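Enquirer: Protein sequence lines correspond, in order, to chains G and B. As numbered in the numbering used here, residues 1 to 10 make up the first sequence, in order. As numbered in the numbering used here, residues 1001 to 1215 make up the second sequence, in order. Structure provided below as structure tokens; questions to follow.
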Amino acid sequence: IEGGGAHDEL
Amino acid sequence: MNVFRLAGDMMHLLSIVVLLLKITGIKSCRGISLKTQELYLLVFITRYLDIFTNFVSLYNTVMKLVFLGTSSAIVYYMRYDRIIKLTYDKEQDTFKYLLLVAPSAVLALATSHVYTVLEVLWTFSIYLEAVAIMPQLVLLQRTQNIDNLTGNYVFLLGSYRGLYILNWIYRFFTEKHYRQWLVWTCGVVQTIIYCDFFYYYFLSWQNNEKLALPA
Chain G
1 IEGGGAHDEL
Chain B
1001 MNVFRLAGDM MHLLSIVVLL LKITGIKSCR GISLKTQELY LLVFITRYLD IFTNFVSLYN
1061 TVMKLVFLGT SSAIVYYMRY DRIIKLTYDK EQDTFKYLLL VAPSAVLALA TSHVYTVLEV
1121 LWTFSIYLEA VAIMPQLVLL QRTQNIDNLT GNYVFLLGSY RGLYILNWIY RFFTEKHYRQ
1181 WLVWTCGVVQ TIIYCDFFYY YFLSWQNNEK LALPA
């Protein structure tokens, strides 16, 4: 995931 | 997607539906902070800019559109609806936007993982969401006779945050590359902000009394 961030969350 | 994440999303959705029903049903937004609602709209706009470039799932895309649409509707009703806008406690809703937006922007610029517009705005939205409820909590403290719907709205919103923490704990143990101190820290801070409210919410529920926050 990009940046280790939760980009698949809302 | 795990059960905590899904339950969290549903709580979030339900909180917005409860708020919209309150506003349009009884034609009143008494006790609701327009500032918090506008900050949430800003959170959604800055976080979901990737809606067309970063496809995750149909579920994600639809939910993003629903969140953008419903929060725009709430802001529209509170600002422009002929009847509803008269019930807005403008004099009481005095929290300064800048107090929340400026630190979020500075932190986003200082800590963004990559310096692209989308990534910095995404990081900004994470910080801003953590504190966006504050004008609402301050307004609740000033409101006498908090109605059930307003209390339930904040309760559902807090539950969403709590469930997301469970979701992160679950993902931390089940996914190899799931490391995100930023989201964790902000999520925990945000949930702590609700603790005081939760305490009084349960107290009023247990004693079967109307919710009131001490000033």
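Here a beta-carbon is modelled for each residue, glycine too, at the ideal position from N, C-alpha and C. The model shown is predicted, which means the values in this text are computed figures rather than measured ones.
Who are the neighbours of B/K1064 on chain G, taking C-beta pairs under 9 angstroms?
Expert: As a working note, residue 1064 of chain B is residue 64 in the second sequence. Under the 9 angstroms cutoff, chain G gives L10.
Enquirer: Given that a residue counts as buried once 16 or more other Cβ atoms are within 10 Å of its Cβ, and exposed if not, what is B/L1109?
Expert: For the purposes of this step, residue 1109 of chain B is taken as residue 109 along the second sequence, with counting starting at 1. Flag for B/L1109 reads exposed.
Enquirer: Is the beta carbon of B/G1031 sitting closer than 8 angstroms to the one on B/L1140?
Expert: In the second sequence, residue 1031 of chain B corresponds to position 31, counting from 1. In the second sequence, residue 1140 of chain B corresponds to position 140, counting from 1. Yes, they are a contact pair.
Enquirer: Counting only beta-carbon separations shorter than 8 angstroms, does B/F1229 have a partner in chain G?
Expert: As displayed, chain B neither begins before 1001 nor continues past 1215, which places residue 1229 of chain B out of reach and without an answer.
Enquirer: Can you name the residues of chain G whose CB is closer than 7 angstroms to the CB of B/D1009?
Expert: Here the question's residue 1009 of chain B lines up with position 9 in the second sequence. In chain order: L10.
Enquirer: If you drop the 5 nearest sequence neighbours on each side, which residues of the same chain put their C-beta closer than 6 angstroms to that of B/Y1194?
Expert: For the purposes of this step, residue 1194 of chain B is identified with residue 194 of the second sequence, where counting begins at 1. Same-chain partners within the cutoff: G1158.
Enquirer: Taking 8 angstroms as the cut-off, does the segment 1029–1043 of chain B touch the segment 1121–1128 of chain B (at least 3 CB pairs, one atom from each stretch)?
Expert: Contact holds: three or more Cβ-Cβ distances are below 8 angstroms.
Enquirer: Ordered along the chain, which non-local residues of its own chain (more than five positions away) have a Cβ less than 8 angstroms from that of B/N1167?
Expert: Here residue 1167 of chain B refers to the residue found at position 167 of the second sequence. Hits under 8 angstroms: N1002, F1004, R1005, G1008.
Enquirer: For the alpha helix (DSSP H) containing B/D1009, list its first residue and its last residue.
Expert: Looking up residue 1009 of chain B in the second sequence gives position 9. Residues 1003–1025.
Enquirer: Can you tell me whether DSSP reads B/N1148 as helix, strand or coil?
Expert: Here the question's residue 1148 of chain B lines up with position 148 in the second sequence. The answer is helix: DSSP assigns B/N1148 an H, G or I state.
Enquirer: Decide yes or no for the touch test of the segment 1017–1036 of chain B against the segment 1141–1153 of chain B: beta carbon pairs closer than 8 angstroms, at least 3 of them.
Expert: Counting Cβ pairs under 8 angstroms, three or more are found: they touch.
Enquirer: What are the uninterrupted segments assigned as beta strand (DSSP E) that are 3 or more residues long and contained completely in the segment 1039–1105 of chain B, given in chain order?
Expert: List check, beta strand (DSSP E) in window: nothing returned.
Enquirer: Check each candidate in B/F1124, B/E1091, B/T1111 and name the one with the smallest Cα separation from B/A1102.
Expert: The sequence position of residue 1102 of chain B within the second sequence is 102, counting from 1. B/A1102 has its Cα closest to that of B/F1124, out of B/F1124, B/E1091, B/T1111.
Enquirer: For B/G1187, which of helix, strand or coil comes out of DSSP?
Expert: To locate residue 1187 of chain B, count along the second sequence from 1; it is residue 187. Correct three-state label for B/G1187: helix.
Enquirer: Rounded to the nearest angstrom, what separates B/L1121 and B/E1091 at their Cα positions?
Expert: Taking the second sequence and counting its residues from 1, the one referred to as residue 1121 of chain B is at position 121. Taking the second sequence and counting its residues from 1, the one referred to as residue 1091 of chain B is at position 91. Cα to Cα, B/L1121 sits roughly 31 angstroms from B/E1091.
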